[in-house]
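Encoded as structure tokens, the structure appears first; notes follow it.
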Amino acid sequence: MMRIGKVVETMDISADTLRYYEKIALVPRVHRNNGGVRFYSDKDLSRLHFIKRAQKMGFSLKEIADLLNFRENPQKAKPRVRELAHHKLTEIEGHLAELSTLRDELRLLTNLCGVNSDGCPILESFDYNEKDM
Amino acid sequence: MTSQHTVDVEVLTGSGCGYCQKAMALVREVIDELGDNRVHYREVNVVDEIDYAVQLGVLRAPAIALNGELVFPAPPSKAKLRQTILKRLAGSP
Numbered sequence: 005m006m007r008i009g010k011v012v013e014t015m016d017i018s019a020d021t022l023r024y025y026e027k028i029a030l031v032p033r034v035h036r037n038n039g040g041v042r043f044y045s046d047k048d049l050s051r052l053h054f055i056k057r058a059q060k061m062g063f064s065l066k067e068i069a070d071l072l073n074f075r076e077n078p079q080k081a082k083p084r085v086r087e088l089a090h091h092k093l094t095e096i097e098g099h100l101a102e103l104s105t106l107r108d109e110l111r112l113l114t115n116l117c118g119v120n121s122d123g124c125p126i127l128e129s130f131d132y133n134e135k136d137m
Numbered sequence: 003m004t005s006q007h008t009v010d011v012e013v014l015t016g017s018g019c020g021y022c023q024k025a026m027a028l029v030r031e032v033i034d035e036l037g038d039n040r041v042h043y044r045e046v047n048v049v050d051e052i053d054y055a056v057q058l059g060v061l062r063a064p065a066i067a068l069n070g071e072l073v074f075p076a077p078p079s080k081a082k083l084r085q086t087i088l089k090r091l092a093g094s095p
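In order, the protein sequence lines correspond to chains A and B.
For the first sequence, my numbering begins at 5 and goes up steadily by one.
For the second sequence, my numbering begins at 3 and goes up steadily by one.
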């Protein structure tokens, strides 16, 4: 079990946000000690990690709630939730492909920059793209 | 009988890259020596054609592609390049 203060520190989520997630039922009611201090189980922390990752990918809290339902019980997920998960999966695969291309471009440009005596092709590339616009 | 196979040789270069000049000279020399009009030569500046370079899998310049496939991620010896082009002309992959 992890105390709320430690969760704030390690996951970089504010205490207000953690309380809000509980209020809107994105996270089930968290265990509290006698003093009312929240303690998060491994399962709660796993949900929080999932929420954080999903937010980084641009999902809304409503979508995340649906995805969490799907995650909890994929066999019984309603068709709508399954469709959302499938749609998001396709989006993520698209992002991955774009990121992969971007990584390869930057890797190539970085390598060129290392051996280039006249300048850096990374800057050339940006100039070139600006002319295209 | 001469086969119909052609070989497009592309040297992937970057501006200001000293090794690239040497690689281009090497490739041109091999092609001139072969004297075969089925061998076509092209220089590709990886910054100008970065999408194509990335699609080929080029990580650094100079590199050499044959028929749209990155065959030499770094310049080979003259003999190796000549041998590989000849194999392609004969229809070997």
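Think of the CB as a built atom: it goes at the ideal place given N, C-alpha and C, for glycine as much as any other residue.
- Neighbours of Ala63(B) in chain A, taken as residues whose beta carbon is under 7 Å from its own, are Leu116 in chain order.
- Secondary structure at Met26(B): helix, using DSSP grouped into helix, strand and coil.
- Runs of the beta strand (DSSP E) spanning 3 or more residues and lying entirely within the segment 39-93 of chain B occur at 41-47, 65-68, 71-74, in chain order.
- With fewer than 16 neighbouring CB atoms inside 10 Å of its own CB, Leu106(A) falls in the exposed class.
- Approximately 18 Å separates the beta-carbon atoms of Thr86(B) and Glu45(B); this is outside 8 Å, ruling out the contact.
- CA-CA distance, Gln57(B) to Val9(B), rounds to 19 Å.
- For Gly70(B), the nearest beta carbon of chain A is not closer than 8 Å to its own beta carbon.
- With distances taken between CA atoms, Glu76(A) lies nearest to Phe54(A) out of Asp16(A), Phe54(A), Gly118(A).
- By the rule that beta-carbons nearer than 8 Å mark a contact, Glu102(A) does not touch chain B.
- Under a 10 Å Cβ-count criterion, Asp48(A) is classified as buried, with 16 or more other Cβ atoms of the shown protein chains found around its own Cβ.
- By the rule that beta-carbons nearer than 8 Å mark a contact, Glu109(A) touches chain B.
- Looking at the DSSP output, Met6(A) shares a beta bridge with Tyr44(A).
- The way I'd put it, the segment 80-90 of chain A doesn't touch the segment 26-41 of chain B; fewer than three beta-carbon pairs between them come closer than 8 Å.
- In the structure shown, Val34(A) falls within a coil segment according to DSSP collapsed to helix, strand and coil.
- Distance from the CA of Gly62(A) to the CA of Pro64(B), rounded to the nearest whole angstrom, comes to 39 Å.
- With fewer than 16 other CB atoms across the displayed protein chains lying within 10 angstroms of its CB, Pro95(B) is exposed.
- Thr21(A) has a beta carbon lying at 8 Å or more from every beta carbon in chain B.
- Scanning its chain for C-beta atoms nearer than 7 Å, with the 5 sequence neighbours on each side dropped, one finds around Ala69(A) the residues Leu30, in chain order.
- Take Val12(A), set aside five residues on each side of it, and the residues of its chain with a beta-carbon closer than 8 Å to its own are Ser18, Ala19, Leu22, in chain order.
- Taking the C-beta atoms as reference points, Met15(A) is found no nearer than 8 Å to Phe43(A).
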